[in-house]
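Trainee: Starting off with a structure, shown below.
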């Protein structure tokens with residue numbers, strides 16, 4: 001009985017997700033200006049209240065579960081209604097539901113590819129390094145707020161299975177806005193694109209060193225496209241860009257477009273072969289290879 005979660009805790013977590021949505025809507029204005037106008041405050045309130053219709057059924061299902069339970073609490077854990085939220089304390093990896101959501105996007109968009117020599121499967125081999133690298137982009141409290149939002153999302157969807165999550169989000173526009181929030185917040189960390197890309201790749205290389213996997217430029221481009229590529233669709237029209245600013249804060253659409261422009265320019269530059277002595281053209285060396293040259297015996301002799 002003591003292991004059952006009291007109903008108020010579940011209500012509290014859901015309410016916390018609403019408040020964190022409000023906080024995320026205000027953050028761009030505070031970051032850019034340091035002050036908040038009444039118009040911006042009203043817009044942020046509207047964003048939070050837009051989630052209210054989708055949250056009401058979650059409150060209702062929690063109450064129904066509590067009422068139906070013979071012990072009068074939050075159920076016996078058997079969960080016939082299938083509405084029990086994920087148990088955050090179940091294990092270390094399972095505490096991080098932000099990465100869980102982002103990995104589910106990778107798995108639904110990237111087919112597994114296996115290295116014939118090492119047997120390593122991409123993207124599976126990079127997931128531990130990806131988790132550490134993503135969390136390092138944010139302060140602990142920021143990550144906790146994002147995590148609470150994703151937990152509420154999974155509870156509302158009733159599943160955290162990769163394919164099912166994205167199938168259901170395709171028919172839930174309000175929840176899709178909530179699901180895109182962590183992807184947008186991670187992408188906005190790449191405003192200084194070239195510097196952040198290099199930092200990201202260094203972290204990934206360090207994290208994956210023991211797995212004998214070299215995280216190369218091609219992996220970064222594939223990962224970036226898989227995580228953020230679908231966000232382009234909402235930025236193609238003026239209406240889409242306006243909707244993005246309303247949902248995620250003023251200036252978000254422009255910031256995302258600038259990052260995509262820098263990424264596209266970088267990818268184009270990387271695709272151009274380099275000329276060597278004699279006029280021959282060779283593929284451009286991978287970033288990971290260039291950064292590791294200084295540690296090889298041959299490089300030290302040079």
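Numbering (the numbering used here), first residue to last: 1 to 302.
Even glycine gets a Cβ: it sits at the ideal position worked out from N, Cα and C.
1) Measuring CA to CA, which of 188, 273, 140 is closest to residue 31?
2) Would the beta-carbon of residue 213 fall within 8 Å of that of residue 120?
3) Whose C-beta lies closer than 6 Å to the C-beta of residue 97 among residues of the same chain, with five residues either side of it excluded?
4) Name the residue from 157, 166, 137 whose alpha carbon lies nearest to the alpha carbon of residue 103.
5) Please state whether DSSP places residue 344 in a helix, a strand or coil.
6) Return yes when the Cβ of residue 107 is within less than 8 Å of the Cβ of residue 305, no when it is not.
7) Is residue 268 near the ligand NAD, going by C-beta to nearest heavy atom under 7 Å?
8) Where do the ends of the alpha helix (DSSP H) carrying residue 97 lie?
9) Among 210, 101, 217, whose alpha-carbon lies nearest the alpha-carbon of residue 315?
10) Since residue 129 is in the alpha helix (DSSP H), which residue starts that stretch and which ends it?
11) Among the residues of its own chain, which have a CB less than 7 Å from the CB of residue 143, if the five just before and after it don't count?
12) Contact between the segment 258–270 and the segment 217–233: three or more CB pairs below 8 Å?
13) May I ask which residues mark the beginning and end of the alpha helix (DSSP H) holding residue 37?
14) Would you mind sorting residue 239 into buried or exposed? The rule is 16 or more other CB atoms within 10 Å of its CB.
15) For the alpha helix (DSSP H) holding residue 243, just list the boundary residues, first then last.
16) Nearest by alpha-carbon distance to residue 217: which of 168, 241, 247, 268 is it?
17) Taking the continuous alpha helix (DSSP H) assigned at residue 148, which residues delimit it?
18) In three-state DSSP terms, what is residue 122?
19) Rounded to whole angstroms, what is the Cα-Cα separation between residue 219 and residue 122?
Mentor: To lay it out plainly:
1) For the purposes of this step, residue 31 is taken as the residue at position 31 of the chain shown. Distance check between residue 31 and each of 188, 273, 140 places 188 closest, using alpha-carbon atoms only.
2) For the purposes of this step, residue 213 is taken as the residue at position 213 of the chain shown. For the purposes of this step, residue 120 is taken as the residue at position 120 of the chain shown. Their beta carbons are under 8 Å apart, which means residue 213 touches residue 120 by this criterion.
3) Your numbering for residue 97 matches position 97 in the chain shown. Correct list, in chain order: 147, 150, 151.
4) Position 103 of the chain shown holds residue 103. Taking residue 103 as reference, the option from 157, 166, 137 with the minimal CA-CA separation is 166.
5) In this structure the chain extends from 1 to 302, so residue 344 is not present and cannot be described.
6) Examination of residue 305 is not possible in this model, given that the chain is present from 1 through 302 alone.
7) Among the components of this structure there are no ligands whatsoever, and the ligand NAD is therefore not found.
8) The residue you call residue 97 lines up with position 97 of the chain shown. Here the alpha helix (DSSP H) through residue 97 covers 97–109.
9) This structure cannot speak to residue 315, because the chain is shown only from 1 to 302.
10) Position 129 of the chain shown, counted from the start, is the residue given in the question as residue 129. 127–135 is the extent of the alpha helix (DSSP H) around residue 129.
11) Taking the chain shown and counting its residues from 1, one reaches residue 143 at position 143. So the qualifying residues of the chain are 98, 135.
12) Yes, the segment 258–270 is in contact with the segment 217–233.
13) For the purposes of this step, residue 37 is identified with residue 37 of the chain shown, where counting begins at 1. Per DSSP, residue 37 belongs to no alpha helix (DSSP H) and is neither H nor E.
14) Start at 1 with the first residue of the chain shown, and residue 239 comes out as number 239. Its Cβ having fewer than 16 others within 10 Å, residue 239 is exposed.
15) Residue mapping note: residue 243 aligns to position 243 of the chain shown, counting from 1. In the DSSP annotation of this structure, the continuous segment of the alpha helix (DSSP H) that includes residue 243 starts and ends at 238–248.
16) On the chain shown, residue 217 is found 217 positions in, with the first residue counted as 1. Nearest of 168, 241, 247, 268 to residue 217, Cα basis: 268.
17) By one-based count along the chain shown, residue 148 stands at place 148. In the DSSP annotation of this structure, the continuous segment of the alpha helix (DSSP H) that includes residue 148 starts and ends at 140–157.
18) Start at 1 with the first residue of the chain shown, and residue 122 comes out as number 122. Residue 122: strand per DSSP, three-state reduction.
19) Numbered from 1 along the chain shown, position 219 holds the residue referred to as residue 219. Numbered from 1 along the chain shown, position 122 holds the residue referred to as residue 122. In a straight line, the C-alpha of residue 219 is about 9 Å away from that of residue 122.
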